[in-house]
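*Asks:*
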Amino acid sequence: MKKLVEVIFPIAIVGCGPGYHDPDGNSILVEPSYKSVSANIVKNKCVTCHNSVKKENGIDLSSYEKIFAPEVFPPLIIPFNPEKSSLYKSVLSGKMPKNDRSLSQLELKALYDWIKNGAKKEELPKPTPAPTPTPTPIPQPDPNEPGDDEPGNSLSTQTQIKINLYLRRYV
Numbered sequence: 037m038k039k040l041v042e043v044i045f046p047i048a049i050v051g052c053g054p055g056y057h058d059p060d061g062n063s064i065l066v067e068p069s070y071k072s073v074s075a076n077i078v079k080n081k082c083v084t085c086h087n088s089v090k091k092e093n094g095i096d097l098s099s100y101e102k103i104f105a106p107e108v109f110p111p112l113i114i115p116f117n118p119e120k121s122s123l124y125k126s127v128l129s130g131k132m133p134k135n136d137r138s139l140s141q142l143e144l145k146a147l148y149d150w151i152k153n154g155a156k157k158e159e160l161p162k163p164t165p166a167p168t169p170t171p172t173p174i175p176q177p178d179p180n181e182p183g184d185d186e187p188g189n190s191l192s193t194q195t196q197i198k199i200n201l202y203l204r205r206y207v
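Letter by letter, the sequence shown follows residues 37 to 207 in this note's numbering.
As structure tokens, then:
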């Protein structure tokens, strides 16, 4: 029983990740972000036919702005709605990309999640922790200065010396 737990527990823990790994557990580069989807899917499998020169079927996928171009209908990407996005529907059905370069399940998941999360161009910056305020130093009394309970506290040291000299001479 102990051996079974030792084998199953690590497998269960590895399986709890975000799901962007190949079946062997190796990390792959495709993540649900424009940067990753563009670099690993669009540039590798789409822009050979859908670029600014060829524009097959009038579609240019060479930049974020071109993907969201208003003249493309139906819209290629509908943020937060992959099921209505024509780009996602085309790759999901297997119609695209052509020449036996269809997307893997992991690539489909990354594309789906990117669209579902709003299809943003830039990743939101990670929040920076609030700076720890530097405490204001509490002034410490100078041991050489007279305290509040000592007479003559309101007089400066120089004034006190002058008074003492005066008293020695004339008193």
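Where a beta carbon is used, it is the ideal one built from N, C-alpha and C, also for glycine. All values reported here derive from a predicted model rather than from experimental measurement.
Using a threshold of 8 Å, state whether the C-beta atoms of Glu24 and Ile77 are closer than that.
*Replies:* It is not possible to answer for residue 24, since the shown part of the chain is limited to 37 through 207.
*Asks:* Taking the alpha-carbon positions, what's the Pro35 to Phe104 distance?
*Replies:* Since the displayed the chain opens at 37 and closes at 207, residue 35 lies outside it and no answer follows.
*Asks:* Measure the alpha-carbon distance for Ala14 versus Ser72 and round it to whole angstroms.
*Replies:* Absent from the structure is residue 14, since the part of the chain shown begins at 37 and ends at 207.
*Asks:* Residue range of the alpha helix (DSSP H) that Gln141 falls in?
*Replies:* The residue labelled residue 141 in the question sits at position 105 within the sequence shown. Its alpha helix (DSSP H) spans residues Gln141 to Lys152.
*Asks:* By Cβ distance, which residues of its chain are closer than 6 Å to Met132, with the 5 residues on each side in sequence left out?
*Replies:* Numbered from its first residue, the sequence shown carries residue 132 at position 96. Correct list, in chain order: Ser126.
*Asks:* With C-beta atoms as the reference, is Ile151 less than 8 Å away from Ser129?
*Replies:* Locating residue 151 in the sequence shown gives position 115, where the first residue counts as 1. Locating residue 129 in the sequence shown gives position 93, where the first residue counts as 1. It is not a contact, given that the beta carbons lie outside the stated cut-off.
*Asks:* Whose C-beta lies closer than 6 Å to the C-beta of Leu139 among residues of the same chain, with five residues either side of it excluded?
*Replies:* Within the sequence shown, numbered from 1, the residue matching residue 139 stands at position 103. If we look at Leu139 and ignore the five residues flanking it on each side, its Cβ neighbours are Val127.
*Asks:* Compare the Cα-Cα distances from Ser99 to each of Pro110, Asn93, Phe109 and Cys82 and report the closest residue.
*Replies:* Working through the sequence shown from its first residue, we reach residue 99 at position 63. Nearest of Pro110, Asn93, Phe109 and Cys82 to Ser99, Cα basis: Cys82.
*Asks:* Of the choices Tyr124, Lys134 and Pro165, whose alpha-carbon is the least far from that of Tyr148?
*Replies:* Walking along the sequence shown from the start, residue 148 turns up at place 112. Looking at the Cα atoms, Tyr124 is the closest of the given residues.
*Asks:* Within the same chain, show all residues whose beta-carbon is closer than 8 Å to that of Pro169, passing over the 5 residues directly before and after it, in chain order.
*Replies:* As a first step, residue 169 is located in the sequence shown; it is residue number 133 there, counting from the start. Cβ within range, chain order: n/a, list empty.
*Asks:* Please report how far the alpha carbon of Arg205 lies from the alpha carbon of Thr195, in whole angstroms.
*Replies:* Numbered from 1 along the sequence shown, position 169 holds the residue referred to as residue 205. Numbered from 1 along the sequence shown, position 159 holds the residue referred to as residue 195. So the alpha carbons of these two residues sit roughly 16 Å apart.
*Asks:* How many whole angstroms separate the CB atoms of Lys157 and Tyr70, which I take to be in contact at a CB cut-off of 8 Å?
*Replies:* Reading the sequence shown from its first residue, position 121 is the one you call residue 157. Reading the sequence shown from its first residue, position 34 is the one you call residue 70. So it is a contact: roughly 5 Å between Cβ atoms.
*Asks:* Out of curiosity, what's the CA-to-CA distance linking Asn93 and Thr164?
*Replies:* Within the sequence shown, the letter at position 57 stands for residue 93. Within the sequence shown, the letter at position 128 stands for residue 164. If I take the Cα positions, the gap works out to 44 Å.
*Asks:* Buried or exposed for Ile199, going by 16 or more other Cβ atoms inside 10 Å?
*Replies:* For the purposes of this step, residue 199 is taken as the residue at position 163 of the sequence shown. That one is exposed.
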